[in-house]
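First the structure, in the form of C-alpha cells, and then the observations on it.
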Amino acid sequence: MRAYAGEVKVVVLGSFNMDLVMRAERLPRRGETVQGAFAMHLGGKGFNHAVAARRLGADVEILGRVGDDPFGRQFLDALDAAGIGRRGVTVDAGEGTGIASIVIESDGANTIIQAPRANRRLSPDDIAREDASFDDARVAMLQLETSMPAATAFARAARRAGALVLLNPAPAAPVPDELLAASDIIVANELEAETLTGAPADTVDAACEAARKLLDAGATAAVVTLGARGAVAVTRDERHHQPAPAVDAVDTVGAGDAFCAALAIRIGARAPLRDALTFAVTAGSLATMRHGAEPSMPFAHDVEAAMRTTKG
Ligand code: RIB
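If you count the sequence shown from 1, position 61 lands on 883 in our numbering, and the numbers rise without skipping.
As C-alpha cells, this is what we get:
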C-alpha cells in the first residue's frame, strides 16, 4: 500500500454525495422518458479524493459535513472501514446528506446534478476548529462542492500549516482570486479550465495555453485533464502531455477524482511532475473501467501493474 506515498499525509476537504446512478443507452430528450438500470454508490468529489488517496497509500484526514440520516451514517462507516481520519466531519442536524443524480451513457460518459445539502453548510468556523488536522500534512486537496468560504478557509489553513494546496475547481464555477492565490496546484478538466480562463481548452495546445493562464493566478503547477486524450501539466519551466492508455471505459464518474488524488500523493512524495502526471493519468484511466465512484477508486498495486503493462 505504501509503495508510492511513503509517509505522505493528505488532508481532504470533504464533500459527501450519495450517488443515485441511472445507466441508459443515451440521455433522454426534453419531455422524453427512457429506461435504464439503477445503482446507488457513495460519492462526492471530496470523499472520492480521500478514498483514492488512502487506497494509493497515504494517511488521510477528511473535513466536511454529512446529514443526520442513513446516508450520512453510511459515509461515516465507510470512512472508518477505509481507515480515513474523520474527527473533522460534522453531523448536521438541520440538513440532509448531499445527493448526486447521475446519468451514465453507453460509452461511459456522465452528466451530474448535485444537491449539496449539508455540504453547503460547511463554514470557515468548521475549518478553524480543525486546525490540528493540518499538522504534518504534505498535501491538502479541495474542490468546490462545499461552500466557497469554507474552501477558501481550508486552503489558507493548509498553506499556514505548510501543506501544498491542490485545488480541483469542480464543479465548474468562477473562483475568487483569494482562493486561486492560495492554491499551489490547480487540476481542471476542459470545461473547468474554460470557465476559469474564458478560452477553450479542448486540444493539447489549447489546454497547455489554459494551464499557463492558470499559473498567472499564483499556482506553481497547472494541469488540464482531457479525458481519453490524457492530460497536460505546465509550470513556468515545464510542459508535459501524457496520453491516456487505451481502456474499455464503462463509467467515467470519479475518474478525475482518482487522477487528482494520484497526482497529489506523488507530488507529496516529491516525485518529478512528469512522473506524477503519468501515475495520475493511469489511475484516472483505471477508474473508468468499473462502475461507481467509490468502487472504482484504484489501489496502488492496480496502478503499478497497469504502468508495467503500458511500458510493455
Ligand atoms: O466526481 C464525481 C463525483 O461528482 C460523484 O461521485 C458525484 O457525487 C459528483 O459530485
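Note that beta-carbon positions come from the ideal geometry of N, C-alpha and C, so glycine has one too.
Met-844 - containing alpha helix (DSSP H), residue span: To locate residue 844, count along the sequence shown from 1; it is residue 22. That residue, Met-844, is in no alpha helix (DSSP H); its beta strand (DSSP E) goes 839-845.
C-alpha distance - Ala-1068 paired with Arg-951, whole-angstrom precision: The residue given as residue 1068 occupies position 246 in the sequence shown. The residue given as residue 951 occupies position 129 in the sequence shown. When rounded, the distance between both Cα atoms is 45 angstroms.
For His-871, the three-state DSSP class (helix, strand or coil): Along the sequence shown, read from residue 1 onward, the residue named residue 871 stands at position 49. If DSSP states are grouped into helix, strand and coil, His-871 belongs with the helices.
Limits of the unbroken alpha helix (DSSP H) element including Gly-1078: Counted from its first residue, the sequence shown places residue 1078 at position 256. Its alpha helix (DSSP H) spans residues 1077-1090.
Under 8 angstroms between C-beta atoms of Phe-1056 and Cys-1030: Against the sequence shown, residue 1056 aligns to sequence position 234. Against the sequence shown, residue 1030 aligns to sequence position 208. Residue identity check: residue 1056 is Val in the sequence provided, not Phe. Cβ distance < 8 angstroms, so Val-1056 and Cys-1030 count as in contact.
For Gly-853 and Leu-1099, the rounded distance between their alpha carbons: Here residue 1099 refers to the residue found at position 277 of the sequence shown. Here residue 853 refers to the residue found at position 31 of the sequence shown. Those two C-alpha atoms are separated by around 42 angstroms.
Cα-Cα separation, Val-833 to Asp-1024: Translated into the one-based positions of the sequence shown, residue 833 becomes position 11. Translated into the one-based positions of the sequence shown, residue 1024 becomes position 202. Annotation: Val-833 to Asp-1024 spans about 31 angstroms, alpha carbon to alpha carbon.
8 angstroms Cβ cutoff met for Ala-861 and His-1123: As a first step, residue 861 must be located in the sequence shown, where it is residue number 39. As a first step, residue 1123 must be located in the sequence shown, where it is residue number 301. No.
Close beta carbons around Asp-953, own chain, < 7 angstroms, minus the five adjacent residues each side: Position 131 of the sequence shown, counting from 1, holds the residue named residue 953. These residues qualify, in order along the chain: Ala-979.
CA nearest to the CA of Thr-912, picked from Pro-850, Gly-836, Leu-864, Val-856: Residue mapping note: residue 912 aligns to position 90 of the sequence shown, counting from 1. Ranking Pro-850, Gly-836, Leu-864, Val-856 by Cα distance to Thr-912 puts Gly-836 first.
Thr-1047 burial status per 10 Å Cβ neighbour count (16 or more: buried): Counting from one through the sequence shown, the residue named residue 1047 turns up at place 225. Classification of Thr-1047: buried, given that the 10 Å Cβ count is 16 or more.
Length of the line joining the Cα atoms of Arg-981 and Pro-1022: Here residue 981 is taken as the residue at index 159 of the sequence shown, counted from 1. Here residue 1022 is taken as the residue at index 200 of the sequence shown, counted from 1. Approximately 30 angstroms, taken between the alpha carbons.
Closer than 7 angstroms: Val-1072 CB and nearest the ligand RIB heavy atom: Here residue 1072 corresponds to residue number 250 of the sequence shown, with the count starting at 1. Every heavy atom of the ligand RIB is 7 angstroms or more from the Cβ of Val-1072, so no.
Same chain only: Cβ atoms within 6 angstroms of Leu-986, ignoring 5 sequence neighbours per side: Position 164 of the sequence shown, counted from the start, is the residue given in the question as residue 986. Excluding positions up to five away in sequence, the list reads Val-961, Asp-1006.
Validate contact between the segment 916-923 and the segment 873-891 using beta carbons, cut 8 angstroms, 3 pairs: yes
Delimiting residues of the alpha helix (DSSP H) encompassing Arg-887: By one-based count along the sequence shown, residue 887 stands at place 65. Counting along the chain, Arg-887 falls outside any alpha helix (DSSP H), though it belongs to the beta strand (DSSP E) covering 881-889.
Buried/exposed call for Leu-966, threshold 16 Cβ in 10 Å: As a first step, residue 966 must be located in the sequence shown, where it is residue number 144. It is buried - the Cβ of Leu-966 has at least 16 other Cβ atoms within 10 Å.
Nearest-angstrom Cα separation, counted from Arg-943 out to Thr-1132: To locate residue 1132, count along the sequence shown from 1; it is residue 310. To locate residue 943, count along the sequence shown from 1; it is residue 121. Those two C-alpha atoms are separated by around 43 angstroms.
DSSP-derived helix/strand/coil call for Ser-928: Here residue 928 refers to the residue found at position 106 of the sequence shown. The answer is coil: DSSP assigns Ser-928 none of H, G, I, E or B.
Simplified DSSP assignment, three categories, for Gly-858: Residue 858 sits at position 36 when you count from the first residue of the sequence shown. Here Gly-858 sits in coil by DSSP.
Collapsed DSSP secondary structure at His-1123 in the structure displayed: In the sequence shown, counting from the first residue as 1, residue 1123 sits at position 301. Three-state DSSP puts His-1123 in a helix.
Nearest candidate by alpha-carbon position, reference Ala-1050, set Thr-1074, Phe-1121, Ala-1080: For the purposes of this step, residue 1050 is identified with residue 228 of the sequence shown, where counting begins at 1. Nearest option by C-alpha distance: Thr-1074.
C-beta atoms of Pro-1120 and Arg-877 nearer than 8 angstroms: In the sequence shown, counting from the first residue as 1, residue 1120 sits at position 298. In the sequence shown, counting from the first residue as 1, residue 877 sits at position 55. Yes, Cβ-Cβ distance for Pro-1120 and Arg-877 is below 8 angstroms.
Ala-1053 vs Val-1045 beta-carbon contact at 8 angstroms: Sequence index remark: in the sequence shown, residue 1053 carries index 231 (1-based). Sequence index remark: in the sequence shown, residue 1045 carries index 223 (1-based). Yes; because the gap between Cβ atoms is below 8 angstroms, this pair is in contact.
Nonlocal neighbours in the same chain, by C-beta distance under 8 angstroms from Leu-1108, ignoring five residues either side: Looking up residue 1108 in the sequence shown gives position 286. Val-1069, Ala-1080, Ser-1118, Pro-1120, Asp-1124, Val-1125, Ala-1128.
Expected contact under 8 angstroms - CB spacing of Glu-883 and Ser-928 to nearest Å: Taking the sequence shown and counting its residues from 1, one reaches residue 883 at position 61. Taking the sequence shown and counting its residues from 1, one reaches residue 928 at position 106. At roughly 38 angstroms, the Cβ-Cβ gap does not stay under 8 angstroms, so Glu-883 and Ser-928 are not in contact.
Sub-8 angstroms separation of Val-873 and Ile-926 beta-carbons: Along the sequence shown, one-based indexing puts residue 873 at 51. Along the sequence shown, one-based indexing puts residue 926 at 104. Contact: no.
3-residue-minimum beta strand (DSSP E) runs that sit fully inside the segment 979-1017, ordered along the chain: 986-989, 1007-1011
Limits of the unbroken beta strand (DSSP E) element including Val-1045: As a first step, residue 1045 must be located in the sequence shown, where it is residue number 223. Element bounds for Val-1045: 1043-1047.
The ligand RIB heavy atom lying under 7 angstroms from the CB of Glu-967: Translated into the one-based positions of the sequence shown, residue 967 becomes position 145. Yes, since a heavy atom of the ligand RIB falls inside the 7 angstroms radius drawn around the Cβ of Glu-967.
Own chain, CB closer than 6 angstroms to Arg-1088, minus 5 neighbours either side, in chain order: For this step, residue 1088 is matched to residue 266 along the sequence shown. Correct list, in chain order: Ala-1098, Phe-1101.
Whole-angstrom distance between Gln-857 and Leu-995, CA atom to CA atom: Position 173 of the sequence shown, counting from 1, holds the residue named residue 995. Position 35 of the sequence shown, counting from 1, holds the residue named residue 857. With the sequence shown as reference, residue 995 is identified as Ala, and Leu is not the correct amino acid for it. The straight-line gap separating the alpha-carbon atoms of Ala-995 and Gln-857 is approximately 32 angstroms.
Which of helix, strand or coil DSSP assigns to Val-961: Looking up residue 961 in the sequence shown gives position 139. Val-961 falls in the strand class under three-state DSSP.
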